[in-house]
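Note sheet for the following structure.
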Amino acid sequence: MAWQNRGFVTCNPTLLREQYQARLVTAAEAVECIRPDNDVVVAFGVAETPVLLDAMANRKDQLRDVRVHQMIPMRPAKYLEPGMEQHFTHVSWFTSGASRNGVQSGRFDIMPNYFSLSPRMFAEYIEVDVLMATVSPMDKYGFFSFGTSIDYTTTVAEKAKKIILVVNPNMPRTHGNTFIHVTQADYLVEDDSPLPELPSLTPGPEDLAIGQYVAELIDDGSTLQLGIGKIPNAVAQALLTKRNLGIHSEILTDGMVDLIEAGAVTNNAKSIHRGKAIACAALGTKKLYDFIDDNPMFELHPVSYTNNPNIIGKNIKMVSINATVEVDLLGQCASETIGPIQYSGTGGQVDFVRGAVQAPEGKAFIVLHSTVKGKSKIVPMFREGTVITTSKNDVDYVVTEYGVAKLSGRTFKQRAEALINIAHPDHRGELREQAKKMGLL
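The opening position of the sequence shown corresponds to residue 220 in the working numbering, with each subsequent residue numbered one higher.
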């Protein structure tokens, strides 16, 4: 039964409280609705539901072959532990530190996806039996907010046979397409555990150099998509003196709060959603969660909208900044595996690269250190088993601490030359020799 058909909406405070209390149960009681061979979807990242996942794991002897779908689990959960495989299969839509070992060892499964298309995949291909999500407290009209996790959650809620909401006072109430009414939930569980935080990492010298190179190519009035990590943090630091920047991103981060507080981001020069910072999720520290709480400057929408390249491309001077693991001399980017070993996922990198390059005066940056453990991250060709995330036809700029390689509109030979020039000096000679053997120079 679709969520909008589960009951009538009322503003009567007494009736709302009665509807709330009628659905309020313990975590153990809520997960009784999970059956063997069910597909359970857990909200993205911060909005995951540890109290429900632990209660589900405690029922393991009653459950077999339950598929648990999630993108970026933040905390180790009991159901992820070795020995749980006959009861639960974690389906990774984007791997994190909490799930990486299980993915790499083959205990977990992987769902290939572009983040922008994940709502459609859930809607068309996954039999969603149960949705679990953490929400903000109910307002006087009976609505909860999905807070930090809109992405695929709202679409899944429309399809799910059962909806379990964990009501947490620490979850921010966010604006946009973020709300669900008490009558649309089947079970409510209260929990006041702190939200998981992703500490803001301090950039090193290489990160700061990359950040400066990127910032020099970003004009005032640009609209930004920034990812998570040391290099995006360095880019944010380098942009603090810019003016009239805007945000249209996949994820809201602490660095964006810094840019707003510095006056660099106003969102007033945007061509769509003027005055608003747009994203589908938030991932950072309590500083970020407090800043976006009931803040009308921010609007969160499903990832099918925020990451739609055609929507992204409507932003004049759209700029995307994404990290990769390796780049070959054709400009192909491997951003989710190290050789054949799965490390993360496709996420929204391709969505934003494609959106930015089709935007008027848009730019798409792929960033990486020139080396790791003394080995070049710019390579003649990838190792066997490497997964290509962003194709040679999509890549625009590649940036290392040694400079910028503009690849759009360049031939294979020109690309190879440009990429060798931003590789670590110790590796340029070997790269040049390999490029000659490959007929690229």
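In this text, a Cβ means the ideal position worked out from N, Cα and C, and glycines have one as well.
CB contact flag (residue i, residue j, <7 Å)
i, j, result
"V598", "E545", "yes"
"G440", "K582", "no"
"V386", "P356", "yes"
"Q444", "S539", "yes"
"A624", "I607", "no"
"V354", "V375", "no"
"L420", "V265", "no"
"F263", "M290", "yes"
"G366", "M390", "yes"
"E416", "H588", "no"
"E469", "K495", "no"
"A488", "N463", "yes"
"V454", "F510", "no"
"T245", "M351", "no"
"D328", "V310", "yes"
"L502", "A483", "no"
"R602", "G558", "yes"
"S315", "A500", "no"
"L235", "L407", "no"
"R573", "D613", "yes"
Three-state secondary structure assigned by DSSP to residue i
i, result
"L235", "helix"
"K655", "helix"
"A642", "coil"
"A428", "helix"
"A299", "The residue you asked about is not Ala; residue 299 is Leu in the sequence shown. DSSP places L299 in helix when its eight states are reduced to three."
"G622", "strand"
"L445", "strand"
"F365", "coil"
"L243", "strand"
"R286", "strand"
"V598", "strand"
"G558", "coil"
"Y371", "coil"
"V250", "helix"
"L650", "helix"
"F327", "coil"
"I530", "helix"
"A221", "Bear in mind that a pLDDT of 44 at A221, under 50, signals an unreliable position, so the number given afterwards is only what the model happens to contain. Coil at A221, not helix or strand."
"L471", "strand"
"Y508", "helix"
"Y360", "coil"
"V270", "helix"
"T421", "coil"
"V569", "helix"
"A404", "coil"
Beta-bridge partners of residue i, as assigned by DSSP
i, result
"M351", "V261 and I383"
"F334", "For F334, which the question treats as bridged, DSSP gives no partner whatsoever."
"A496", "F517"
"C552", "V546 and T609"
"E409", "V386"
"H306", "In DSSP, H306 forms no bridge with anything."
"N396", "Paired residues: none, contrary to the question."
"N541", "I585"
"F631", "None, per the DSSP bridge assignment."
"G465", "T442"
"L478", "According to DSSP, L478 bridges with nothing at all."
"Y524", "Y524 is not bridged to any residue."
"S311", "Q289 and I329"
"V617", "I585 and A624"
"A501", "L471"
"T590", "S595"
"V484", "L464"
Rounded Cβ spacing between residue i and residue j (contact assumed at less than 8 Å)
i, j, result
"V285", "H306", "7 Å"
"E553", "T590", "According to the sequence provided, residue 553 is Ala. The question's Glu does not apply to it. With a Cβ gap of about 15 Å, A553 and T590 do not count as contacting."
"I466", "T442", "7 Å"
"A422", "N452", "According to the sequence shown, residue 422 is Pro rather than Ala. About 5 Å separates the two Cβ atoms, so the contact holds."
"G446", "A542", "6 Å"
"L317", "P301", "The sequence given here has Ala at residue 317, not Leu. Not quite, the Cβ-Cβ distance comes to about 14 Å (not below 8 Å), so this is no contact."
"T338", "Y298", "Reading the sequence as shown, one finds Pro at residue 338 and not Thr. Going by Cβ atoms, the distance from P338 to Y298 rounds to 24 Å, so no, they are not a contact pair."
Any non-hydrogen atom of the ligand SAH closer than 6 Å to residue i Cβ
i, result
"P418", "Only the bare structure without any ligand can be found here, which leaves the ligand SAH out of the picture."
Pairs of beta-carbons, one from the stretch 517–524 and one from the stretch 331–344, closer than 8 Å: are there three or more? Touching, per the Cβ criterion.
Could you tell me whether the stretch 546–559 touches the stretch 384–404, using the rule of 3 or more Cβ pairs below 8 Å? Contact between the stretch 546–559 and the stretch 384–404 is absent, because fewer than three Cβ pairs lie under 8 Å.
Using 8 Å as the Cβ pair cut-off and three pairs as the minimum, do the stretch 651–659 and the stretch 556–571 touch? Too few Cβ pairs lie closer than 8 Å, so no.
Between the stretch 613–627 and the stretch 426–433, do at least 3 Cβ pairs fall closer than 8 Å? Yes, they touch.
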